[in-house]
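What follows is a single structure, written as C-alpha cells, with notes after it.
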Amino acid sequence: MNDLLAVWKGEELKYQHPVVEALRQVEGADVYESLRSILIEGVRAIQVGETREGVWRFSLRFPPQWSGGYALPLLFQRVGEEDGRKIVLIWTNFPEPLAKIHSLMKQKEVIASSALQILDSVSKNIINESSAKVAAQRILEKFSELLGARAAIMRLFQRGRWAHYASYGLPSTYLSHYHEVYIETVPLYRRLFQQQRLQITDQVTDMGAMGAELSRVVNPLSMVVSVPLIKNKTVRGFISLAFDEPKPVLYYMTEVLENFANEFAFILEKNEYYLYIVETSERLKKMNLDIVTSLVNATETRDSYTTGHSERVSTYAVELARHLHWDDYEIEKLSIAALLHDIGKVGIPDAILLKPLPLNDMEYSIMQMHPEFSANIVAKVENLHDIVPWIRFHHEYVDGSGYPYGLKGNDIPLGARVLAVADAFDAMTSDRPYRKALQLDQVEEILRQGAGKQWDAAIVELAIRYLDVIYERESFLKENRLDHFRKMMFRLNLLNGLYLFEYLHEEAENLVLNNIEFVFGMLKLPSSVHSLPLASKKKLVSILTEVIKKHVHYPVLVARKSYLFFAFLAPQYDRQLLHNQLKTVAYQFYERTDVLPDFAAYEYPLEKHILPDVFDNFSHFKKDA
Ligand SMILES: [Fe+2]
Ligand SMILES: [Fe+2]
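Each residue of the sequence shown is one higher than the one before, counting from 35 in the working numbering.
Below is the structure:
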C-alpha cells in the first residue's frame with residue numbers, strides 16, 4: 035500500500051508527506067536534498083499519462099552512513115498538465131521506514147535520559163571511588179550496558195599514543211597487547227583525532243591490526259563507536275565501544291554521545307584533580323614526618339640510651355591526647371612536638387650527653403638548656419610555631435620547680451604538660467646508664483608521688499590508666515651492638531688504651547649492688563719508683579702498660595687508678611687465673627726493667643674488705659636529666 039509522498043506541479047513541490055520534513059530533520063539537509071533531486075529528475079522525465087515505478091528508486095538509509103537501510107521504490111504518476119506545467123503524483127511505500135524512524139527516535143530519547151542519569155549518579159559517587167580509574171571503569175560498564183555494547187575502552191592521548199586508561203569487557207591479554215596504540219595505526223582513531231568528532235564504523239579494517247583481535251573478543255564485531263574526550267579544543271582521549279550487533283540508533287546520537295563524553299571527561303578530571311590533591315597532601319605529610327623522624331633518629335643515634343625515645347614519647351603523648359579528647363589536627367601537632375622535644379640535645383657536647391657517670395653541676399646546667407635549644411630549632415620552621423611552647427616547657431614542673439623557666443601549673447601549656455608525663459613514662463620504662471628500666475608498678479608509684487608536684491595530676495591519672503597497654507603493645511628499639519662499641523670509646527682512656535678508672539669503679543659498684551661474684555686485683559710499682567726522674571717514671575709506666583695489654587685480655591678489665599697503681603676487674607672470673615696473669619706481667623716487666631711490681635688477686639664477696647683499697651669507697655651516684 036502506497037502513500038502519497040509528494041505532489042509536483044511545474045517546478046514546485048505542492049504537497050509533501052510529513053515524513054519528508056521529518057526526514058529532513060532526522061537525517062539532515064543532505065538526505066532531503068538528494069531525495070528532492072531524485073524527485074525533480076523523475077518529474078522531468080515522465081510523460082503525460084505515464085506511470086513509472088521503480089525507475090527512480092530512492093535509497094533511504096537508516097542511518098545514511100550505514101550500509102543497511104531501506105530502498106524506497108518511488109512511483110511517479112503524471113496526472114495532467116496545467117498552464118504547461120506537469121502535475122505529478124509521487125507515491126511510495128512508507129509505513130515500514132516510518133515506523134523504524136519512530137522507534138529509533140524513541141530509543142534515542144530513552145538512551146539520552148539514561149545517559150544523563152548515569153552521569154548524575156557518577157558525579158555524585160565518584161568521590162567515593164578509590165581512584166579516578168576505578169570510577170572510569172564503573173562508568174564504562176554502566177554505559178556499555180545501556181547501549182548494549184560488548185566491550186568498551188577509554189584511552190588517553192599520551193606521548194603520541196593512545197594509552198589504555200580504563201576498560202570494560204576486554205581480557206587482560208588484549209589490554210596488555212594493546213596497552214598503547216599509535217595514532218596512525220588505527221584509521222578510526224586517526225579520523226577521530228583529526229575531525230574531533232564521534233566516529234562510527236562497521237568495517238573491521240577501520241580498526242587496523244587491532245581489528246582482528248578485537249573481533250575475536252567481540253564476535254561478530256558489527257560496529258565500533260568512538261567518542262572523543264575534548265578539552266580546550268584538543269582531543270585528550272576517547273571512549274570506544276564495540277558491538278556484536280548493529281545499533282542504528284547510535285547514528286542519531288552523535289550529539290548525545292559527544293556531550294556525554296565531555297561531561298564525563300569533566301567529572302573525571304575534577305575527580306582526578308581532587309584525588310591528586312588528597313594523595314599529594316598525604317604524600318607530603320608523610321614525607322615531612324619521615325624527615326622529622328629521621329632527623330630525630332639521627333640525633334638520638336649519638337646516645338644509645340635515648341634511641342627511639344622520641345618516637346615512644348610521641349606514641350604515649352598521642353594516646354594521652356586522645357583521652358583528653360583533642361581533635362585530630364591538634365594530636366598530629368603534638369605527635370610532631372614529641373618527636374622533636376629533645377632535638378636540642380644536638381647542642382649538648384658529647385662529653386656531657388654521653389657521660390656514663392653522674393653529671394656535675396656545671397654539666398647538669400648545660401644539659402638543662404636542651405629544651406631551649408629544641409624550641410629554637412623548631413621555631414625556625416614556620417608551620418611548627420604552635421608547638422614551640424610545648425617543646426620549650428617540657429621540663430617544667432607544675433609546682434614551679436622545673437626548668438628552664440620555673441613556670442607553674444596552668445602557665446605551662448597543656449601540650450607541654452602532656453609531653454612531660456609521656457617523657458617521664460618513657461624515661462622510667464627504659465634502661466638508663468645509671469639504672470635498669472623500672473617495673474610498671476614502680477613507675478605508677480613514682481607518677482602518683484609526682485602528681486600535682488612534677489606533673490599535672492589529671493594527666494598522670496590518664497597515664498596510669500592507659501599507657502601500660504601501649505607500653506606492652508609496642509616492641510621498642512633497644513640498645514644495639516654499635517651503641518655498645520660507641521659507649522666503649524667513652525670508657526677507654528684513649529692515651530693508654532686502658533679503661534677509665536671511673537668506669538671500672540662504676541662496674542664494680544654495679545656488681546656489688548647486684549650481688550654478682552667477681553674477681554679483682556691490683557698491680558703497683560714499688561714506692562722506690564717515686565724518687566726516679568719523671569722521664570724514667572714515664573718510661574716504666576709505658577712499658578708496664580704495654581706488658582699488661584699483651585698478657586691481660588677481656589673479660590679482665592684494666593684501669594690505671596693512679597700513676598703507679600693498676601686496678602683489675604673481671605665478673606665471675608677465676609681468682610687463680612687472674613693471679614697467674616698478674617704474675618706473668620710482673621716477671622715480664624721485671625725482665626725488661628729490673629723493677630718488680632707488687633701484685634695480688636682477690637675475689638668478691640670473700641675478700642670484700644679489700645675492695646676500698648682497690649676501688650675507693652662506693653657512693654650511690656645520681657644522674658637525672
Ligand atoms: Fe627533654
Ligand atoms: Fe625527653
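C-beta atoms are modelled at their ideal positions from N, C-alpha and C, and glycine is treated no differently.
As the structure is a computational prediction, the values presented were derived from the model and not from experiment.
Local conformation of residue i per DSSP, three classes
i	result
Leu123	strand
Leu358	coil
Ile273	strand
Thr349	helix
Ser256	coil
Lys319	helix
Thr463	coil
Gly484	helix
Arg224	helix
Ile421	helix
Arg426	helix
Leu387	helix
Glu214	strand
Lys558	strand
Val563	helix
Phe623	helix
Pro7	Any property of residue 7 remains undetermined from this structure, which presents the chain solely from 35 to 659.
Ser596	strand
Lys414	coil
Glu551	coil
Gln141	helix
Ile370	helix
Thr335	coil
Gln402	coil
Tyr202	strand
Residue i classed as buried or exposed, judged by whether at least 16 other C-beta atoms fall within 10 angstroms
i	result
Tyr363	exposed
His654	Reliability of the predicted coordinates at His654 is poor, the pLDDT of 48 falling under 50, and no value is obtained from them.
Lys656	With a pLDDT of 37 at Lys656, under the threshold of 50, the modelled position of that residue is not reliable, and no figure is offered here.
Gly531	exposed
Val269	buried
Ser576	exposed
Met396	exposed
Pro631	buried
Met321	exposed
Leu354	buried
Gly1	The first residue shown for the chain is 35 and the last is 659, placing residue 1 beyond what the model contains.
His643	exposed
Ile325	exposed
Val82	exposed
Ser206	exposed
Val220	buried
Arg451	buried
Pro52	exposed
Distance cut-off 7 Å: residue i Cβ against heavy atoms of ligand 1
i	result
Asp457	yes
Pro34	Within the shown structure, residues of the chain are numbered from 35 to 659, placing residue 34 beyond reach of any answer.
Pro6	A query on residue 6 cannot be resolved here, the shown segment of the chain reaching from 35 to 659 and no further.
Asn213	Note on residue identity: the sequence assigns His, not Asn, to residue 213. His213: no, Cβ never under 7 Å from ligand 1.
His643	no
His429	yes
beta-carbon residue i near ligand 2 non-hydrogen atom, thresh 7 Å
i	result
Asp376	yes
Val380	no
His359	no
Val330	no
Val347	yes
His343	yes
One or two residues paired with residue i in a DSSP bridge
i	result
Ile31	With the chain represented from 35 up to 659, any question about residue 31 goes unanswered, as that position is not in the structure.
Lys43	Glu46 and Ile121
Gln526	According to the sequence shown, residue 526 is Leu rather than Gln. In DSSP, Leu526 forms a bridge with Tyr533.
Ile80	Answer is none; Ile80 lacks a bridge partner.
Gln192	Arg195
Trp489	Ala485
Ile234	Val259
Asp37	Thr126
Presumed contact (8 Å Cβ cut-off) between residue i and residue j, rounded CB distance
i	j	result
Leu441	Gly449	With 8 Å as the limit, Leu441 and Gly449 do not qualify as a contact, their Cβ atoms being about 13 Å apart.
Asp457	Val563	Not confirmed; about 52 Å, so no contact.
Thr665	Glu345	The requested residue 665 is not part of the displayed model; the chain covers only 35 to 659.
Met241	Leu248	6 Å
Ser260	Leu222	6 Å
Ile80	Arg119	The pair is not a contact, with the Cβ atoms about 13 Å apart (cut-off 8 Å).
Ile425	Met401	Not quite, the Cβ-Cβ distance comes to about 16 Å (not below 8 Å), so this is no contact.
Below-8 Å beta-carbon distance, residue i vs any chain D residue
i	result
Leu616	Of the protein chains in the structure, only one exists, and it is not chain D.
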